[in-house]
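Reading through the structure tokens given below for one structure.
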Amino acid sequence: MTRIVVTGASGNYGRAFTDALIAKGRAQDLILITRTPDKLTDRVAQGCEVRYGDFDKPDTLAAAVAGADKMLLISGTRVGARVVQHKAAIDAAAKAGVKHIAYTSFIGIDDPANPAEVRHDHIETEKLIRGSGMAWTMLRDAHYADAMILMAGPGVMQSGQWISNAGAGLEAMVWRDDCVAAAVAVMTSEGHEDQTYNITGPELQTFEDVTAILSEVTGKPISYVSVDDEQQYAMFDAMGIPRRPVDDQTVGGLPWNSDDMVTFGQAIREGFLEICSGDVEKLTGRPARSVRQMIEENVDFLRGAAQ
Ligand SMILES: NC(=O)c1ccc[n+]([C@@H]2O[C@H](COP(=O)([O-])OP(=O)(O)OC[C@H]3O[C@@H](n4cnc5c(N)ncnc54)[C@H](OP(=O)(O)O)[C@@H]3O)[C@@H](O)[C@H]2O)c1
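Count along the sequence shown starting at 1, add 1171, and that's the number in this note's numbering.
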């Protein structure tokens, strides 16, 4: 029996990963870490082991990871503060004898000129993992299509405008479920030790391309409005979105902070996220799903948001 410990198990990514492992009959191999075990009582009922653990309380992590053979380290949410948090989890895993760690990283982070706010946390965490003595797999996820189509999409449908500082930059947005499927493959099959994968969608597109698809599929006229970084900040400020990340805070149901989003747009505009790979298919045996497919599968939801 190979036991897999999962951090961030109560989040969107962690829940989808857990569902997939349970569907494979692996519930009893899972150790799920959370700061609030009450959130995961459903998982106990399904046969998983749920343990208390907090990145900010390193002492809690030794017991949380004990007995695990592999770790899926799902990156935390406090951008800018995560290196210390992740280090606590990596140190605990290495000390407990975990043999293989997979980490949800981000594409395009090798270039120090990449302005994306998230870059620093991910590249530094990768360094810690490479130096930990454990075998590792970096799952460098592209921008989630879910974030732009399902989270930001309703606002775009209401206003008829997709406003962005990403200019004409290209990226290959990916379904979060495809990222999860890639993680499932890495954690449940052999041969992924010391590998870095770029987990991307199937094609490079600009936000203007995506706006045109959204408009075509939903039948709602939507224009792409290109703005500069200051205008983008002003827009988010007016929505009441904090510049810096704040734990567990959401605005309109969305866990946003504008430093993250504005530097993200800048990174796209400047070409740092222009990466498209076949790694989803290589890992899962089926092609990565497209942004168009996500829009088509959610067309009623998107049209409803425009009412
Ligand atoms: N590529 C992209 O475009 C993109 C977009 C969004 C997110 N992401 C990345 O994907 C990750 C997962 O996203 P998600 O949607 O699953 O996030 P989410 O639903 O917000 O879940 C966050 C998880 O982090 C855990 N967590 C937060 N602080 C913690 C702490 N101090 N100690 C232990 N656990 C802590 C929470 O666990 P408890 O509350 O149960 O303790 C929760 O399960 C994000 O953190 C981010 O790094 C990438």
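Note that beta-carbon positions come from the ideal geometry of N, C-alpha and C, so glycine has one too.
What does the alpha-carbon distance come out to for the pair residue i and residue j?
| i | j | result |
| --- | --- | --- |
| Val-1327 | Ile-1334 | 8 Å |
| Met-1309 | Ser-1246 | 11 Å |
| Gly-1324 | Glu-1364 | 37 Å |
| Ala-1265 | Leu-1232 | 11 Å |
| Ala-1194 | Val-1289 | 32 Å |
| Ser-1461 | Pro-1373 | 6 Å |
| Ile-1278 | Leu-1211 | 30 Å |
| Leu-1299 | Val-1176 | 18 Å |
| Pro-1208 | Ala-1235 | 12 Å |
| Gln-1402 | Phe-1188 | 37 Å |
| Gly-1436 | Val-1357 | 30 Å |
| Cys-1219 | Arg-1174 | 11 Å |
| Leu-1243 | Trp-1307 | 10 Å |
| Val-1396 | Arg-1474 | 20 Å |
| Val-1311 | Asp-1471 | Note that residue 1311 is Arg in the sequence shown here, rather than Val. Spanning the two alpha carbons is a distance of roughly 31 Å. |
| Ala-1198 | Arg-1186 | 12 Å |
| Thr-1382 | Gly-1331 | 10 Å |
| Glu-1452 | Pro-1458 | 5 Å |
| Val-1417 | Arg-1249 | 7 Å |
| Asp-1348 | Ile-1466 | 15 Å |
| His-1293 | Leu-1385 | 31 Å |
| Lys-1270 | Asn-1183 | 25 Å |
| Val-1351 | Asn-1469 | 19 Å |
| Tyr-1404 | Ala-1337 | 13 Å |
Exposed or buried, what is residue i when buried is set at 16 or more other beta-carbons lying within 10 Å of its beta-carbon?
| i | result |
| --- | --- |
| Ala-1216 | exposed |
| Arg-1214 | buried |
| Met-1172 | exposed |
| Asp-1297 | Inspection of the sequence shows that residue 1297 is occupied by Glu rather than by Asp. By the 10 Å Cβ count, Glu-1297 comes out buried. |
| Met-1410 | exposed |
| Gly-1238 | exposed |
| Ser-1181 | buried |
| Ser-1394 | exposed |
| Gly-1268 | exposed |
| Ser-1448 | buried |
| Gly-1196 | exposed |
| Ser-1360 | exposed |
According to DSSP, is residue i part of a helix, a strand, or is it coil?
| i | result |
| --- | --- |
| His-1363 | coil |
| Ala-1252 | coil |
| Met-1319 | helix |
| Val-1398 | coil |
| Phe-1407 | helix |
| Ser-1386 | helix |
| Asp-1240 | coil |
| Phe-1226 | coil |
| Ala-1438 | helix |
| Ile-1294 | helix |
| Asp-1190 | helix |
| Thr-1212 | helix |
| Leu-1454 | helix |
| Val-1381 | helix |
Validate contact between the region 1227-1234 and the region 1252-1271 using beta carbons, cut 8 Å, 3 pairs = yes
Take every Cβ of the region 1371-1391, pair it with every Cβ of the region 1332-1346, and state whether three or more of those distances are shorter than 8 Å.
-> yes
Does the region 1315-1322 touch the region 1274-1290, meaning 3 or more C-beta pairs lie closer than 8 Å?
-> no
Inter-stretch contact (C-beta, 8 Å, three-pair minimum) for the region 1200-1215 and the region 1385-1403 | no
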